[in-house]
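Protein chains in written order, with my numbering: chain A, 1 to 160; chain B, 161 to 477.
Here's what the structure looks like:
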């Protein structure tokens with residue numbers, strides 16, 4: 001018989017609870033989950049700050065861009081594959097060689113944001129390994145492979 | 161990539177880059193959708209639009225990505241490839257920023273999120289490749305249909321705070337999916353578990369493909385599957401869904417980044433606009449009328465979905 005989960009509510013130590021403002025009981029959170037949370041916390045704000053900074057550098061022209069902002073309307077209506085071909089844009093990790101241009105500085109922040117999950121999973125892996133949690137070790141390892149494969153740029157798609 | 165390397169090896173990088181841009185200028189001028197308008201008007205309009213979308217998304221209880229892609233894709237001159245790439249980064253940034261709080265409160269549950277994330281992120285990568293390979297009109301039409309269906313889902317879907325679970329299935333027990341969180345409204349901790357896990361996992365294949373193909377954060381689909389089908393409490397479903405987006409969208413975002421489908425001038429104002437709008441939205445949440453905002457979200461989705469559909473079919477360009 002199905003049972004509403006609200007029926008499984010548990011009271012949190014009523015004797016110690018203050019009368020006016022009961023404190024939230026400590027829900028157990030695994031240390032690796034907290035470490036993952038901190039990676040996301042500091043990493044995401046750092047990534048967004050880098051994006052803002054690099055975009056300001058790009059838009060103000062402090063550093064020479066590869067494509068002048070004023071030229072962008074000629075490109076942003078194109079399909080990505082056509083844009084890459086026509087503007088000779090780098091694909092994969094080749095943008096690293098273009099960091100002398102302000103438009104490619106923006107990729108540092110974006111790559112950082114897109115890398116945080118991989119770092120988080122690398123934190124989770126030893127925790128599941130040490131607990132001999134085979135299914136979750138397998139899941140975490142496979143996810144790392146999937147994300148690294150996606151990030152590697154090895155896989156490619158044909159353009160139209 | 162080899163062509164690119166060949167072009168730039170041997171020095172004179174700047175000269176060759178400038179030459180490449182100027183010589184192709186004439187060839188690409190036909191792609192300019194808005195001749196005569198200063199270039200900075202569109203990023204500025206984009207920032208204002210995404211700021212408003214950020215407010216509406218919070219008040220309407222939806223992710224920014226689901227509003228961003230159809231609206232910007234339908235009403236701005238940017239190619240849908242770049243809009244979807246920016247949409248994924250918008251959803252990713254929002255999910256990453258929300259993740260720490262959800263994980264620390266145990267509202268995003270790793271035992272539930274990790275298996276689902278593996279399925280969704282693998283197939284979001286597949287979806288991203290499909291989206292980039294298909295012609296624009298096909299993606300635009302499919303996006304229009306999907307957005308209209310999402311609007312209908314918002315009308316008919318009734319989430320349940322504490323769904324009835326008839327006992328964990330074998331897969332959920334094998335993976336040990338379940339947990340505890342503190343329910344502030346009742347001042348008690350809630351134990352929860354899930355069922356219908358295989359069916360839920362299968363649906364996340366489709367969710368992943370749609371997320372990658374259309375550049376949508378998939379919270380609109382994650383929550384009903386986790387809550388209504390698998391029986392996770394609503395708060396756990398919402399929290400896990402938001403955290404899940406940070407993983408699902410990562411693999412698809414990498415595909416778009418690696419394929420040159422991310423233009424910073426579109427992505428950055430969008431990320432900043434949505435995040436600032438979200439902060440304002442949270443402050444307005446106390447005084448807003450959620451029902452009215454929900455209707456506004458549905459109307460916006462319907463309008464953007466129909467516009468996308470008509471654009472894809474070549475009826476209204």
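Even for Gly, the Cβ is constructed at its ideal location relative to N, Cα and C. Note that the structure is a prediction, hence the values are computed from the model and not measured.
Residue contact with chain A for residue 329 of chain B: absent (no Cβ-Cβ distance below 7 angstroms to any residue of chain A). For the 7 angstroms CB-CB criterion, residue 441 of chain B and residue 218 of chain B form a contact. Of all residues in the segment 433-465 of chain B, those with a C-beta nearer than 8 angstroms to a C-beta of chain A are 435, reading in chain order. A check of alpha carbon separations from residue 146 of chain A across B:279, B:471 and B:319 identifies B:279 as the nearest. When C-beta atoms of the segment 413-424 of chain B are compared with those of the segment 283-298 of chain B, three or more pairs fall below 8 angstroms, so the two segments count as touching. Chain A places a beta carbon closer than 7 angstroms to that of residue 414 of chain B, counting this residue as a contact. Under a 10 Å Cβ-count criterion, residue 60 of chain A is classified as exposed, with fewer than 16 other Cβ atoms of the shown protein chains found around its own Cβ. In this structure, the straight-line span from the alpha carbon of residue 96 of chain A to that of residue 104 of chain A is close to 8 angstroms.
In this structure, residue 267 of chain B and residue 399 of chain B form a Cβ contact; the two beta carbons are roughly 3 angstroms apart against a cut-off of 8 angstroms. Assignment of beta-bridge partners to residue 339 of chain B by DSSP yields B:352. Take the alpha-carbon of residue 107 of chain A and the one of residue 425 of chain B: they are about 11 angstroms apart.
Shown here for residue 336 of chain B: same chain residues with a beta carbon closer than 7 angstroms to its own, the five before and five after excluded, namely 271 in chain order. The beta carbon of residue 148 of chain A lies closer than 6 angstroms to none in the same chain, with the five residues before and after it left out. Residue-level contact check: residue 408 of chain B does not touch chain A, since none of the beta carbons of chain A fall below 7 angstroms from its beta carbon. For residue 79 of chain A, the C-beta contacts it makes with chain B under 8 angstroms involve 239, 241 and 296, in order along the chain. Inter-segment contact for the segment 363-378 of chain B and the segment 299-311 of chain B is present: three or more beta-carbon pairs are separated by less than 8 angstroms.
Close to residue 275 of chain B, with beta-carbon spacing below 9 angstroms, are these residues of chain A in chain order: 135, 136 and 139. Taking residue 245 of chain B as the centre and dropping the five residues before and after it, the same chain places the C-beta of 416, 421 and 422 closer than 6 angstroms to its C-beta, in chain order.
Of the residues B:393, B:236 and B:469, the one whose Cα lies closest to the Cα of residue 351 of chain B is B:393.
Interface flag for residue 153 of chain A against chain B is set, since a Cβ pair is found closer than 7 angstroms. Relative to the Cα of residue 288 of chain B, the nearest Cα in the group B:403, B:462 and B:418 belongs to B:418. About 4 angstroms separates the CB atoms of residue 113 of chain A and residue 47 of chain A; that is less than 8 angstroms, so the two are in contact. Within the model, the alpha-carbon separation for residue 315 of chain B versus residue 458 of chain B is close to 8 angstroms.
The C-alpha of residue 325 of chain B is placed about 7 angstroms away from the C-alpha of residue 353 of chain B. For residue 264 of chain B against residue 39 of chain A, the beta-carbon gap comes to about 12 angstroms, at or over 8 angstroms, which does not count as contact. For residue 69 of chain A, the chain B residues whose Cβ falls inside 8 angstroms of its Cβ are 199, 200 and 425, in order along the chain.
In terms of CA proximity to residue 94 of chain A, A:153 leads the group A:33, A:153 and A:34. Among the residues facing chain A, residue 332 of chain B is not included, as its CB has no counterpart in that chain under 7 angstroms away.
In the structure shown, residue 359 of chain B falls within a helical segment according to DSSP collapsed to helix, strand and coil. For residue 142 of chain A, the closest Cβ of chain B is nearer than 7 angstroms.
Residue 33 of chain A and residue 116 of chain A have their C-alpha atoms spaced approximately 14 angstroms apart.
Just so you know, the alpha carbons of residue 69 of chain A and residue 299 of chain B end up roughly 27 angstroms apart. When A:132, A:37 and A:89 are compared, the shortest CA-CA separation from residue 75 of chain A is found for A:89. Closest in alpha carbon position to residue 84 of chain A, among B:379, B:197, B:292 and B:451, is B:292.
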